[in-house]
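To start, the structure under review is shown below, and the notes come after it.
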Amino acid sequence: MPVLQRKTNHWNKISLVTLLTGLVSMSVALTVTILLISSYQSKKQALINTTLTLNHTSALKMSHTIDSLIKSMRSSLRYSSNLFSKPLSAAEGYSKLELIRHTNNYFNSITVVDETGLVRYVSPESIGTVGQHITTETAKTALALKKPYISKPYVTASTNRLIVFISEPIFEENGNYRGFIAGTIYLHENNILNTIFGSNPTDELDSSFYIVGSDGHLLYHRDTNRIGEDISENQAVRKLIQGKSGYEQMVNLRGETVLSAYVKVPENGWGVVAVSPISAVYEQLNRHLASILLYMLPPFLLLMLVVIWLARRVARPFVSLADLVSKAGREEVELAEGKQHWNREAELLTRAIRYAFSDMKKQTDQLAHDARTDPLTGLTNRRTLEETLQQWMEEPISFSVIMMDLDHFKSINDTYGHQSGDEVLKHFAQIVSASLRSGDVCCRFGGEEFVALISHADAKEAYQVAERIRHTLETSPNPIGQPITVSQGIAHYPSHTDSAEDLLHLADEALYNAKRSGRNRTEIAEG
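So the sequence shown is numbered by the UniProt record's numbering: it starts at 1 and just counts up by one.
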C-alpha cells in the first residue's frame, strides 16, 4: 500500500512531458492569436468602442461623485442653517462658520445673510463684506427665492473672483424666514473639485474630462485658463443642455475628432464630459503593430526564455516563504490571501504557513486588545488615554477633558454588593459611550473614575456633553433601582494649560470642586 500511495502522489504532479506539451500549445495559441488580432480595422473599431465605453463609465462615475458631493454640500448647509436660526454674536457666528468650513472643506468661503440682505457673518474674514448689503443679482435671487439655490458661474464685485454660489434658506422654529447661508467655490483657485478630480492621472490615450454648468460654462478643466469659458456650442455640451447623456465620436470646437462621453448630473444640472482624441487611438494602433513584431522572435529564443522563467517561478514561492518565515518574530509580516501556486508542494506549504500566521495574528491582536481595554466596562484604559493625549497635543488639536466620578460609589458596593457595583460601572460606561461622538475617547481611569476626551470642543461644548451624561445617568433605569449621580470636572487644551499632566490635574480639581459643592454637578476648571 505505501508503494501504491507513492505512485498515486507521483501521478498527481506535473510531469516534464506535460509541461513541454503545454508550452508548445501555448506557442501555437499565441501565434494564432497574433494572426487573428492583426486585422487593423477590427482592432481599431474595438479600441474605439472600448474607449467610448470607458469614457462613458468614467463620466458616469464622476457624475455620481459630483451628485453625491452636491447633496453633501447641501446637506451640510442645511444642517448649518439650523445653527443660525437664532441671533449670534459676531464672534460666535464667525467661529461656527470657521468650524463648518474647515470641517468638510467643501467651500472656499461661507456667508450668512439676514432677511434684509445684510451680510452678518463671513468666513474667512479677509473677504471683508460683514456689515455690507448684498449687491450681486445671484445673492439677491437666493434671498428672494427662500429655498435652496445653485448659481451659474459669475464674477463677484467685492473680490473679482469667478465663483459658483450654493445657498440654503434659514428659518426660525416658528417658520419665520431669517435669510440664507451660502457656500462658494472659487473656480480659478484650489477648490473641492480640484481636490477630488485634479489628481486623476492621464491614461495612454491622453483622455481627459471637464465639468460644465447648466448654461455651458466650464467649471473644471485641466487647463485652468479655460475655466469660465462658454463652450455651449460644443456638440457634447449642447446635448447635455438638452438633458441627454450618451457617448459618440464627434468634432470639438477646435476641429479635432474626439471620442466623447457626456453624462448629466441629476442634482444640479451640471454635466461631465470625458474625451479621448482619435489621434491617440491611431497612435496606439501603430504601437500595437510594432508590438506584433516583438512576438515574431525565433521560437527557440522564446522557449529558452520560458524555461528560465519557469525555473524562477518554481523557486520563487519557496524563497518567498523562507524569507517570510525568517522575518516572523522580528517584524509584522502578512501572507497574501487567495494567492495559489500551480506547484503542489508550494501550495501545501503556503497553506500551512498561512494557517500558522493566522493563529499568531489572532493571538497578537487579542493581546493588544486586552492591553488597551478595561475588561469590566469594555472601555479603553489609562494607557490609551495617555497615548491619545500625547497624539492630540502633538498634532495639535484643541480638546476638552471631562473627569467623571460616580457619587457615593462605595456606599453602592457596601449596600448592594460588588457585583451590583460592577453592573453600575458597566451601565455608566454604556451611557458615556452612547453620549460621545465617534472621534471622542472615553476610558476607565480607575475604580469609579472615568475620563472622556472630547475632540475639537471648547469647555462650554464639553459642559453640554457632560450635562447630558449626568442627566441621562440620573434619570435612566439602572441596575440597583435607585438614583445614581455623577460629579464631573472639565479642563480645556490649550486654553487652560498645554501640559497633559496639568490638564488632568485641573480637571481633577474641577471634579473635586463639584464634589465639595454638593455632588451631582459639573464644574469647569478655572483659568
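C-beta atoms are modelled at their ideal positions from N, C-alpha and C, and glycine is treated no differently.
Owing to the predicted nature of the structure, the values given are computational and were not obtained by experimental measurement.
| field | Top-ranked residue by Cα proximity to Y40, from H288, Y177, C442 and Y416 | value | Residue numbering aside, residue 40 sits at position 40 when the sequence shown is read from its first letter. Y40 has its Cα closest to that of H288, out of H288, Y177, C442 and Y416.
| request: Using only alpha-carbon positions, find the residue among G446, D114 and P153 that is nearest to I134. | output: Working through the sequence shown from its first residue, we reach residue 134 at position 134. Closest by alpha carbon: D114.
| field | Start-to-end residues for the beta strand (DSSP E) that takes in V275 | value | Reading the sequence shown from its first residue, position 275 is the one you call residue 275. First-last of the beta strand (DSSP E) with V275: G271 to P277.
| query | How should H188 be labelled, buried or exposed, when 16 other C-beta atoms within 10 angstroms of its C-beta is the threshold for buried? | reply | Position 188 of the sequence shown holds residue 188. H188 is exposed by the Cβ-count criterion.
| DSSP-derived helix/strand/coil call for Q249 | As a first step, residue 249 must be located in the sequence shown, where it is residue number 249. Three-state DSSP puts Q249 in a strand.
| Relative to the C-alpha of L219, which residue among K244, I402, E256 and G269 is closest? | As a position in the sequence shown, residue 219 is number 219, starting the count at 1. It is G269 whose Cα lies nearest to the Cα of L219.
| query | Taking the DSSP output, what are the residues bridged to Y262? | reply | As a working note, residue 262 is residue 262 in the sequence shown. DSSP output for Y262 lists G246 and V273 as bridge partner(s).
| message | Tell me the rounded alpha-carbon separation between P2 and T350. | response | To locate residue 2, count along the sequence shown from 1; it is residue 2. To locate residue 350, count along the sequence shown from 1; it is residue 350. Any answer about P2 is weak, because its pLDDT of 45 lies below 50 and its placement is not dependable; what the coordinates show is given next. When rounded, the distance between both Cα atoms is 26 Å.
| What runs of the beta strand (DSSP E), each 3 residues or longer, lie entirely inside the stretch 121-178? | 162-171
| query | For L99, which of R521, I480, P479 and I397 has the nearest alpha-carbon? | reply | In the sequence shown, residue 99 corresponds to position 99, counting from 1. Of the listed residues, the one whose Cα sits closest to L99 is I397.
| query | In angstroms, rounded to a whole number, what distance separates the CA positions of M393 and G175? | reply | Locating residue 393 in the sequence shown gives position 393, where the first residue counts as 1. Locating residue 175 in the sequence shown gives position 175, where the first residue counts as 1. Distance between the alpha carbons of M393 and G175: 43 Å.
| request: Could you round the C-beta distance between V263 and L69 to whole angstroms and report it? I think they count as a contact, below 8 Å. | output: The residue given as residue 263 occupies position 263 in the sequence shown. The residue given as residue 69 occupies position 69 in the sequence shown. Contact flag wrong, Cβ pair sits at about 15 Å.
| said: What does the Cβ neighbour count give for P169, buried or exposed, with the cut at 16 atoms within 10 Å? | reply: For the purposes of this step, residue 169 is taken as residue 169 along the sequence shown, with counting starting at 1. Buried.
| task | Mind reading off the beta-carbon distance from A462 to S400? Whole number of angstroms is fine, and I expect it under 8 Å. | result | Locating residue 462 in the sequence shown gives position 462, counting from the first residue. Locating residue 400 in the sequence shown gives position 400, counting from the first residue. Indeed, because the Cβ distance is near 3 Å, the residues count as touching under 8 Å.
| message | Mapping the DSSP letters down to three states, classify Q5 as helix, strand or coil. | response | Position 5 of the sequence shown, counted from the first residue, corresponds to residue 5. With a pLDDT of only 44 at Q5, under 50, the local geometry of the prediction cannot be trusted, and no value is derived from it.
| field | Pairwise C-alpha distance: R222 and I192 | value | Taking the sequence shown and counting its residues from 1, one reaches residue 192 at position 192. Taking the sequence shown and counting its residues from 1, one reaches residue 222 at position 222. When rounded, the distance between both Cα atoms is 14 Å.
| task | Can you tell me the Cβ-Cβ gap for I181 and L47, rounded? I've got them flagged as a contact below 8 Å. | result | On the sequence shown, residue 181 is found 181 positions in, with the first residue counted as 1. On the sequence shown, residue 47 is found 47 positions in, with the first residue counted as 1. Not a contact, Cβ separation roughly 49 Å.
| query | Where does P124 land, buried or exposed, given buried means 16+ other C-beta within 10 angstroms? | reply | As a first step, residue 124 is located in the sequence shown; it is residue number 124 there, counting from the start. With fewer than 16 Cβ atoms within 10 Å of its Cβ, P124 is classed as exposed.
| query | Under three-state DSSP, which class holds I484? | reply | In the sequence shown, residue 484 corresponds to position 484, counting from 1. I484 falls in the coil class under three-state DSSP.
| request: Please classify L453: is it buried, with 16 or more other beta-carbons within 10 angstroms of its beta-carbon, or exposed? | output: On the sequence shown, position 453 is the one that residue 453 refers to. Burial call: buried.
| With distances taken from CA atoms, which of F445, P477, S80 and I127 is nearest L504? | On the sequence shown, residue 504 is found 504 positions in, with the first residue counted as 1. Nearest option by C-alpha distance: F445.
| S487: which of I469, D502 and N478 sits nearest, CA to CA? | Position 487 of the sequence shown, counting from 1, holds the residue named residue 487. It is I469.
| Given 8 Å as the limit, is there contact between the stretch 487-498 and the stretch 507-522, that is, 3 or more CB pairs closer than that? | yes
| field | Distance CB(Y282)-CB(L52) smaller than 7 Å | value | On the sequence shown, residue 282 is found 282 positions in, with the first residue counted as 1. On the sequence shown, residue 52 is found 52 positions in, with the first residue counted as 1. Going by C-beta atoms, Y282 is not nearer than 7 Å to L52.
| Member of E233, N381, H492 and D206 whose CA lies at the smallest distance from the CA of H217 | Locating residue 217 in the sequence shown gives position 217, where the first residue counts as 1. For the residues E233, N381, H492 and D206, the minimum Cα distance to H217 belongs to E233.
| In three-state terms, what does DSSP make of G93? | Looking up residue 93 in the sequence shown gives position 93. Note: G93 maps to helix in three-state DSSP.
| field | Exposure label - E448; buried when at least 16 CB within 10 Å | value | Taking the sequence shown and counting its residues from 1, one reaches residue 448 at position 448. So E448 counts as buried.
| request: Evaluate residue 541 with the Cβ neighbour count: other Cβ atoms within 10 Å of its Cβ, from every protein chain shown; 16 or more gives buried, anything less gives exposed. | output: A question about residue 541 goes unanswered here, because the residues of the chain that appear run from 1 up to 527.
| said: Quick check: C442 and V432, are their CB atoms within less than 7 Å of each other? | reply: For this step, residue 442 is matched to residue 442 along the sequence shown. For this step, residue 432 is matched to residue 432 along the sequence shown. It is a contact, given that the beta carbons lie within the stated cut-off.
| Do you know offhand how far L379's Cα is from A429's? | Position 379 of the sequence shown holds residue 379. Position 429 of the sequence shown holds residue 429. Roughly 7 Å between the two C-alpha positions.
| Status (buried if at least 16 other CB within 10 Å, exposed otherwise) for R101 | What you label residue 101 is simply residue 101 of the sequence shown in a count that begins at 1. The residue in question, R101, is buried, as its Cβ has 16 or more Cβ neighbours within 10 Å.
| Limits of the unbroken alpha helix (DSSP H) element including T472 | As a working note, residue 472 is residue 472 in the sequence shown. Run containing T472: A459 to T475, per the alpha helix (DSSP H) assignment.
| query | Since V164 and I211 are thought to touch, with beta carbons under 8 Å apart, how far apart are those beta carbons, to the nearest angstrom? | reply | Within the sequence shown, the letter at position 164 stands for residue 164. Within the sequence shown, the letter at position 211 stands for residue 211. Not really, about 10 Å apart at Cβ, beyond 8 Å.
| task | Hey, could you find the ends of the alpha helix (DSSP H) E509 is sitting in? | result | In the sequence shown, counting from the first residue as 1, residue 509 sits at position 509. Unbroken alpha helix (DSSP H) run through E509: A500 to R516.
| request: Have a look at the DSSP bridge pairing and note the partners of E423. | output: As a first step, residue 423 must be located in the sequence shown, where it is residue number 423. Its beta-bridge partners do not exist; DSSP assigns none.
| request: Tell whether a beta-carbon distance below 7 Å holds between N108 and T184. | output: Position 108 of the sequence shown holds residue 108. Position 184 of the sequence shown holds residue 184. Result yes, Cβ atoms of N108 and T184 sit closer than 7 Å.
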